[in-house]
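First the structure, in the form of structure tokens, and then the observations on it.
Residue numbers (full-length UniProt numbering): 1 to 317.
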């Protein structure tokens, strides 16, 4: 019952309530304890139910429901120092077959589309033109029509934005730049994992690199798939204005991380379909990457990595 309604078991729920009270600043009111407030919020984001449905389910006024949704959401966001995963670079001795070639890689980076309730005049901008699975950084709010490079540039330039400490980097799709901090696949080469089924084998270093890149970067698509399967509020039409929805998106990502950390088995991992993302698949510290742009040095790095991968694979066939 707890899993289906709140997306976590009882132990996980009790610990979350404790964290929200002690670290998130959530307080009991005269008529409602912390557990009930958290349960209402979790039920709302899990099933994307309207305010009036919650009033019937929990026998509370619509005004009370609106206030507590905002209050719990803010409390969850205050937990971000504890719930956002710290990036850990892939080490030289990694045994993970998907990641072992990508030394110093910090993870995979991509965007996904989530439905929002926006004013009529703003709707065109929000339409798109085209393994532990925890989130390191989340930036909600950009319109679906915005180019990936613009969103990424904004994330790097924010005071509390995405930090990429050299020599670290993220795996990205072909919609992003192939420059310092971002390792993209080769364009014009087979890429998707489906391309390598039924006995198909890579015949060039670029194809082999793309196969390995796709296998590793697939983690972000699975992560988005689990996130949306878990929280119905991210899947369906929204009942909340953009500003509120952005906070709910952040809260959903943090709670996703919390569940991944606390529950030994994630019931949504095997049932979620990979998300398609948004990309095209075919002022800071000197130690951090602060700009995006093409780089001859990174082009050479990718070419050398592809050749090394391919040669090693050929010697073991």
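Ideal placement from N, C-alpha and C gives every residue a C-beta, glycine not left out. Everything numeric in this text was worked out from a predicted model, so none of it was measured.
CA nearest to the CA of residue i, picked from the options
| i | options | result |
| --- | --- | --- |
| residue 99 | 159, 217, 79, 316 | 217 |
| residue 270 | 50, 73, 223 | 223 |
| residue 138 | 152, 194, 306, 4 | 152 |
| residue 109 | 256, 55, 214, 66 | 214 |
| residue 193 | 177, 183, 219, 168 | 219 |
| residue 167 | 14, 87, 16 | 87 |
| residue 34 | 11, 72, 156, 250 | 72 |
| residue 320 | 31, 39, 30 | Here the chain covers residues 1 to 317 and nothing more, so residue 320 does not appear. |
| residue 264 | 200, 11, 298 | 11 |
| residue 212 | 190, 142, 161 | 190 |
| residue 112 | 147, 80, 81, 93 | 147 |
| residue 373 | 162, 242, 221 | Since the displayed the chain opens at 1 and closes at 317, residue 373 lies outside it and no answer follows. |
| residue 154 | 201, 289, 196 | 289 |
| residue 243 | 81, 197, 143, 231 | 143 |
| residue 145 | 173, 114, 169 | 114 |
| residue 29 | 316, 230, 65 | 65 |
| residue 169 | 54, 231, 262, 298 | 298 |
| residue 6 | 55, 230, 274 | 230 |
Under 8 Å between C-beta atoms of residue i and residue j
| i | j | result |
| --- | --- | --- |
| residue 77 | residue 227 | no |
| residue 85 | residue 135 | yes |
| residue 328 | residue 37 | Look at the range of the chain in this structure, 1 to 317, and you will see that residue 328 is not part of it. |
| residue 300 | residue 178 | no |
| residue 267 | residue 83 | no |
| residue 89 | residue 68 | no |
| residue 250 | residue 140 | yes |
| residue 239 | residue 50 | yes |
| residue 164 | residue 175 | no |
| residue 367 | residue 79 | Outside the modelled stretch of the chain, which goes from 1 to 317, sits residue 367, for which no answer is possible. |
| residue 101 | residue 234 | no |
| residue 156 | residue 162 | yes |
Classification of residue i by the beta-carbon crowding that lies within 10 angstroms, buried from 16 upward
| i | result |
| --- | --- |
| residue 129 | Here the model assigns residue 129 a pLDDT of 38, short of 50, so the residue's position is not dependable and the matter cannot be decided. |
| residue 127 | Below a pLDDT of 50, predicted positions are generally treated as unreliable, and residue 127, at 46, falls in that range; the measurement from the model is reported next regardless. Classification of residue 127: exposed, given that the 10 Å Cβ count is below 16. |
| residue 259 | buried |
| residue 256 | buried |
| residue 245 | buried |
| residue 199 | exposed |
| residue 31 | exposed |
| residue 150 | exposed |
| residue 252 | buried |
| residue 225 | buried |
| residue 314 | exposed |
| residue 92 | exposed |
| residue 210 | buried |
| residue 302 | buried |
| residue 202 | buried |
| residue 236 | exposed |
| residue 75 | buried |
| residue 63 | exposed |
| residue 311 | exposed |
| residue 60 | buried |
| residue 173 | buried |
Proximity test, residue i beta-carbon vs the ligand GTP heavy atom, cut-off 7 Å
| i | result |
| --- | --- |
| residue 266 | Questions concerning the ligand GTP fall outside what the structure shown contains, since it holds no ligand whatsoever. |
Between the region 180-187 and the region 205-212, are three or more C-beta pairs nearer than 8 Å? yes
So does the region 35-45 actually touch the region 87-98, counting three or more Cβ pairs closer than 8 Å? no
Threshold first: 4 residues or longer. Then list the alpha helix (DSSP H) segments lying entirely within the UniProt domain "DUF8040" (2-77), N to C. 2-6, 10-22, 34-47, 51-58, 62-77
Could you give the uninterrupted runs of the alpha helix (DSSP H) lying entirely in the region 147-186, keeping only those of 4 residues or more? 148-157
In the region 199-242, which residue ranges form an unbroken alpha helix (DSSP H) of at least 4 residues, counting only runs that do not cross its ends? 205-230
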